[in-house]
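The sequence shown: position 712 = 727 (the numbering used here), numbered continuously.
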Amino acid sequence: MSAPNAEKGARYLASLDQVLCNGSWSEVPELARKVDKHAPDRKCLTLTARSEAKVVSASHRPASASSNTSTSIHGLNELVQPLEDAVKANESIHEDDAFVARVCLASIYLLQGAHDTALKLLPPLYAQKRINNTGPGPLGWLEVAETRAVYIRAACLEAQREHEEARKLYTSFVSRAPGSRTPELRRWTERILGLACTSLDSQVEGKSELNIHNLSNALRAFRAWGDFWQRAKSVNSNMNGGVIDIPRRKVWRAYYELLSRVLTMALVYTPGKDSTSDLLTLPSYLSGEQLQTARQQQFAETRKVEATYESLLLNETQFPKASQSNTEVEVFCAQAFHNFNTFCGPTFSASDLGVDGKEGVGRNLLDLLYRSATKTFHSTAILRFLFETHSWLGEFELAMNAFTSYCEIVSKAKARAEKTGKHELGFDDDDTAVRAAANAVSVLCQYGDRDQAEEGMKVCENISTWLGLKRLSSSTSLQTNGTTDEQPSSTSTESRLTSSSLSLAYRAIAIGNAQYARLTYKPEDRSRLQDNAVELLQKALAQDPSDVETSYTLAFVQIERRDVAAAVSILKQTLAQAEADEDDAETEIERHQKLLPLWHLLSLCLSSKDEFTAALAICTNTLDSHPTDERDKNAMNAHDKEQLLQMHMTQLNLLELTDGVDAAVSRSNELLGGYATLFGSPEKAKEVTKPPPTTASTLVAPKSRGTLRSIAGSITGRSRSRGNGSSSLPTHRSPVTTSSPESIRTSVETIPRPENTTTTTAANVDGGPIQITVTNERGQAEQHHHRLPFRLRGHHGSDVRSKSVDSRYSHAGADTRRDPSPPPPLPHGSDAVDHAQAIRPAVETSNANAQQDVKQIEHNMTHSSLPLPTGHEKQPPGQDIRLPAPHPVSSRVSPIPQHSKLMQRRHSTSLLSGIWIFIAGLYLRAEAFEDASFAVDEAAKLVDTLELDLSQSEAGLNAMRLFQKGWGGGKSIDHLWAEVWAARGSISLARSLPFEAMAAFEQALLYYPDHPEAMIGMSNLLMDIYEEKLPAEEPKPLLPSQPSASGSSLEILAATMSTVPTSANSEVVVNQNGVLPGSQNLAAQKKPKSDPSPAELNRLACRDRAYMLLSTLTRLGTGWDNSEAWLALARAHELSGELKKAKQALWWVVELEETRPIRDLRDALP
C-alpha cells in the first residue's frame, strides 16, 4: 500500500468537489476512497459525500413505491451518528467540512420530519454571514451547502408556521443574486426561490384587503425567480421529481396569478429601482409619463410570464380522454381572458400595449385559445372565450361558428344531465351557459341584419328549452302502509339559476322577440312578439329590479307599442332608483353612459305628449353634464358616442319646434363640431394617408342659411334661395368626387348671422382627430314630422337655451375643467308619478364662482357687432379655475370592441352621412334649398368614398354586398344611396319640381325598394298623376325663349301663367311645371268610353302602384307605425273607392300621431 500523496490528494479533492457540484453521485464512492487514501485529514468531507449520495438516492425514489421510500428515509438513521462524530471532531480543524456535515445531517432530519432538530444543527450566524456577504462567494460544494442551509431553515420554519421569520429569510435571500454556476447550485437555488415564491404568494392569495407591502414582497420573489430562470436556461428539465421539489409549472402559474391579481386591483409599478421600497403603488400617485412607463412594463412582464407558463403547461399536458378534463388549461384560459378584458378596457391605452395595440392583444389571445384547444376535448369554456374574442374583433362569422359548437355541446350535456341528474365535469354550469347564450342574442341583434335576427330567435328558443329542462336533484320519502318509498324529485333549470342570470335570460329572449318584431312582415306576429317581449321584460325586472338595461328595453318596447304612459313611468322610476342607489365604484363616465339612453328615451316620450319644453330641458342638461375629459372620451365605445350625437339631433329638433327652424339651423354647427371632436375627420378612418390634425372646426356648419358651402372652403357664401330653380340629377352611382381633408375648412368669423335667428355663442372645439367608429343615422323623416294640421298645437317659443358646443364636447385641458350642470328633474306629467324630489343631480355642481362664463350676447345686437367666436385669441372661452380631479381607475367597463377598419369605416360613414342629411332637412324646412342640396352632396361624397373602399377590399364588390348590410353597425351602400336620393327628391319637391322629385325617388327605390320616404314621396306623386294634378309625363316648353326688346310677350305669358289656379292638396305650381290650365276638370269633361284609353290606363297604373307601395310599407317593420304612410294609404283607398278602409286608415293615423315622438325611435335610438 503506497503512502499518501498530497498532490494527488488535492487533485482528488477538486475532482470530488466537481462531482458533488455536478450531481454525479455514482462517481462519489470511488473518488471518496482515493481522497481517504491521499488526504486522510479530510475524512469528514468524504463521509459527507458518501452520505449525500445516499440521501439523494432516498429522496428520489419513485412515488409509487411509497413503502420502500419510507424505509429508505428512515434507514438513513445509520448515518446520523457518524456525521455527528465527524462534526465534533472537525469543528476546530476544518470548519467548512464541519459545516457541510451539519447541512447533510440537517437534510436527513428534514426528510424524516424532525424540524426542531434540523434547525438546531444549522448555525444561524454562519448562514446569515454567508447570505449577507457582498463579496465573491465560495466556490464548489461549500457554496451549494450554504444555499441548502437556507432552504432547510426556510422549510423548517414553514413547517413550524413561523411565517414571519421565514419571510425575513426569503427577503434576505432574494435581495442578492442567486447562484447558477453549477447544476447542484442551480437546483438548490431554484428550490429556495420556488419555496419563497409559493410561500409569499400564499400570504396574499385569497385576501380581499389590499396589502401593497405583501404584494410587493411576493412580486420581488417572483422577479428573482424570473431572473434566475433567464440566466439558468440550461437547467435539466428532469431535475424536478424529488420529494422536496416544487414543480416549476406551479411557480410560474403562481407568478401569472399574482400579476393578474395586481391587474385586477388596478395597481401599477413604482418607478425607480429602490430595493427597499414597495414595488407597487396606486396610479394616482404617478405622473402621466410615469404611469405610461409603468403600464408598459406591467404589460410586457405579464406577456412574458404568460408565454412561459403556457409553454410549460402545453408541453407537460397530454390530450385528455373523453371522460377527462384538463382543468388547469381551462383555468389558464379564463385568467388570460380576464387579463385581456383589463388590457383592452379604458384603463390601458393603445400606447401602453406595444406596437400592435389592443387589437394585437386580442389576436394574441385568439392564438392562445386555439393552442389550448389542442389540449382539451370539447371544452365549452374555450369555445365561449373564442366566441367573445372573435365578437370583440368584429369577426362575427367565426364568433357564431364557435357559439354554434358551444350550443350543440351544451345542449347534449344538458340532455344527459336531465337523465342522470348529475352535471358532467368540464362543462359550463347553467348560469354560465345562459349568460353566454344571452350574449350571443345581444351580438346577433345589435350587429346583425335580418338573417341574424332569425338566428337570434333560434338561440332564444334554445334558452327557453334550457330553462325548461329538469334534473333529478334529491329523493323524497313517501310513507305508504308503514313502508317508506324513495321518490326522486326533479327541479327545472329555471329554479336553479341565480336571479341575475334568470333576469339576463328573460331579457335576452325579450330582445330577440322585439328585434324580430321590427323586421317581420306579418302584423299579427308583430303584436304577439311585442306582447311576449313585454311579459318577459317584466319578469326580468322582477328578478333584478335595479337593472338599468332591462328597464330601458322595457320602456323602449312599450313606446313601440304606443303605451307612452307606461314607458314614462318606467323611465322615471328607473332614473330615480339609479340616482338613489349610486354606486361609488362607478366612474362618472360610467354613470353617464348608463343613464344617457334613458334620458334620451324620456325626452322622446315627452315629445310625443307635446311637452317639448321639458324634453328640450332634459336633452340640454344631460348633454351639458356629460364628462368631457379626454380619457372619458377614450373610455366611450362607438355606440356610446353615437348616443351622444343622436341626443344632440333630438335637441335640435326640439329647438326647432320651440324656437323655430332658424334657431335650429344656427346651432347645427354644434352637431358637426361634436362629431369632429368625438371621432375626428372622416378621412382619418380610411387610414390611407395621414391628414393634418383636424379640429372641431374642420366640420362646422354655418351660422346662417345660404352659407353652407363655406364648409368646403372653396365655395363662398351666398344669399338664401327660395325660388324654383332647376337642379340636375345624375343617374350614375358616383355623382360627386371626394373632397380632401385640406378642402374641408371654414371661417366662422366671416359668416354673417341671419337677422331673425337666435344668436348663440360661437362654437370652438380644440380637439384633435380621433378614430371614427360610429353608427347610423337617418334624418330624412324630420322633413314631415309634426307637419300635419292636427299635430301643430300652440307652441310659440321657449326660453330654453343650450350651452355652446365648447362646453359639451371640448377637451378638458390640464388647467381647465368644465363645471357640469346636473340633469334636469323629471318633469311632472298628468299620468305619471312625481319623482322630482327623488331625483338628485347626476353630477353635483360645485362653487358657483368656479366657472368664469363668457358674457351673454344681446338678442338685438347686429351681426356686425357680434363678438368673435369662442376660442379666438381676442375672445377666450369660459375658464374653469378649479383644479382637475384625479381620474378614477376602473376595470369594470367592458373592453371597447376593435372591429375591422372597413367595418368601422362603414359605421362612421353611415352616421356622418345621416348627420348631413339631417342638416339638409333643417335647411329644407328653412327654405334654404341650395344649402340643403349642398349638405346632401356632402353625404353623397361620403357614400361614394365608402363604396370605393369596399370595392378595394379583399372580399371585393358584388350586388349582394352592396344591398345587404351584413355584420356590424351602419347601413348598406344601397341603403345609403337611397337616403341620398330620397333627400334629393324631397328638395326637388319643395322646389316645386315634381318630375325631378319622381326621378330621385325612383332612383332611391332602385337602390333600396323599402325606403319609407321614397315610397311615400313616390306614391303621393303617382296619386297626383291619377287625379290629373300632374300630367303623366313632363311636358316640354311650348315656346322657345326668344329675346324681346320690350319684353311685352314675356309679360303677357307671365300674366297668363299667374291666372292658373293651383290645387289645394299639392304644392305644384301648375303652369311653371307644364300642367295645362284647367286640367283639374279634364276628368269631368271627358265623355264615357266603353274601353279605357291608354291615358286612363296609365292613370290607373299610377294609382295601383301607389297603393302597392303604401300597402307594402305599412306591413314592414319600418313603416307599420309611420303615420305619413298610413295617411297616404288612406288617400289611395279613397281614390279606389274604398271609403271604409280609408276611414280606418285615417283613424289609425290619429292614434299614431297621438303617441308619435319627434323622431323615429329606430333612428334616434339605434
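For glycine and all other residues, C-beta sits at the position ideal for the given N, C-alpha and C.
This structure is a prediction, so every number in the text was calculated from the model and none was measured.
Per DSSP, the beta-bridge partners of serine 507 are Lys485. The alpha carbon of tyrosine 1022 has as its nearest neighbour, out of Leu977, Pro198, Arg1177, Thr213, the alpha carbon of Leu977. In this structure, aspartate 464 places its C-beta atom within 7 Å of the C-beta atom of lysine 980. Proximity to alanine 998 across Gly971, Leu440, Tyr938, Glu1043 peaks at Tyr938, based on C-alpha coordinates.
Two segments are said to touch when three or more pairs of C-beta atoms, one from each, lie closer than 8 Å; by this definition the stretch 931–948 does not touch the stretch 963–971. In the structure shown, valine 370 falls within a coil segment according to DSSP collapsed to helix, strand and coil. A distance below 6 Å between beta-carbons, with the five flanking residues on each side excluded, links valine 118 to the following residues of its chain, in chain order: Ala160, Arg163, Ala164.
Per the C-alpha coordinates, the member of Arg1130, Leu1124, Thr1133 positioned closest to arginine 1146 is Leu1124. Counting only the Cα atoms, proline 198 lies some 39 Å from methionine 280. Proline 97: member of the alpha helix (DSSP H) spanning 95–105, first to last residue. Annotation for leucine 137: Ala121, Ala164, Arg168 place their beta carbon closer than 6 Å to its own, counting only its chain and skipping 5 residues before and after.
In the DSSP assignment, threonine 296 forms a beta bridge with Val283.
CA-to-CA, the gap between leucine 1154 and histidine 654 works out to about 46 Å.
Counting along the chain, phenylalanine 418 sits inside the alpha helix (DSSP H) bounded by residues 411–435. Excluding sequence positions up to five before and after glutamate 962, its CB lies within less than 6 Å of the CB of Ile988, all in the same chain and listed in chain order. If you draw a 10 Å sphere on the C-beta of arginine 431, you find fewer than 16 other C-beta atoms in it, and that means exposed. In the same chain as aspartate 444, and ignoring 5 residues on each side of it, the C-beta atoms closer than 8 Å to its own belong to His438, in chain order. Cα atoms of alanine 557 and serine 518: separation of roughly 8 Å, rounded to the nearest angstrom.
Within the same chain, Phe392 come within 8 Å of alanine 337 by CB-CB distance, once the 5 residues on both sides are set aside. In this structure, DSSP gives cysteine 359 a state outside helix and strand, which the three-state scheme calls coil. Remark: C-beta atoms of asparagine 341 and lysine 390 approach each other more closely than 7 Å. A distance below 6 Å between beta-carbons, with the five flanking residues on each side excluded, links serine 622 to the following residues of its chain, in chain order: Ala630, Pro1172, Ile1173.
Counting only the Cα atoms, glutamate 316 lies some 18 Å from leucine 328. Two segments are said to touch when three or more pairs of C-beta atoms, one from each, lie closer than 8 Å; by this definition the stretch 180–192 touches the stretch 230–238. Asparagine 341 carries a coil assignment under DSSP once its states are collapsed to helix, strand and coil. Between serine 1003 and glutamate 1011, the gap from beta carbon to beta carbon is short of 7 Å. The way I'd put it, the stretch 206–223 does touch the stretch 265–275; three or more beta-carbon pairs between them come closer than 8 Å. The C-beta distance from arginine 65 to alanine 47 rounds to 5 Å, short enough to fall under 8 Å.
For methionine 1123, the enclosing alpha helix (DSSP H) stretches over residues 1109–1128.
Leaving aside the five residues that flank methionine 1013 on each side, the residues in its chain whose CB is nearer than 7 Å to its CB run, in chain order, Met1033, Leu1036.
Counting C-beta pairs closer than 8 Å gives three or more between the stretch 662–672 and the stretch 684–699, which meets the contact rule.
The residue among Arg486, Thr1133, Ser1151, Ala1140 with its C-alpha nearest the C-alpha of glutamate 575 is Thr1133. Contact annotation: valine 563 and cysteine 620 have beta-carbon atoms that are not nearer than 7 Å.
If the five residues before and after threonine 285 are omitted, its C-beta is found closer than 7 Å to the C-beta atoms of Ser292, Asp293, Leu294, Leu295, Thr296, all from its own chain and listed in chain order.
Note that the C-beta distance between glutamine 913 and glutamate 374 is below 7 Å.
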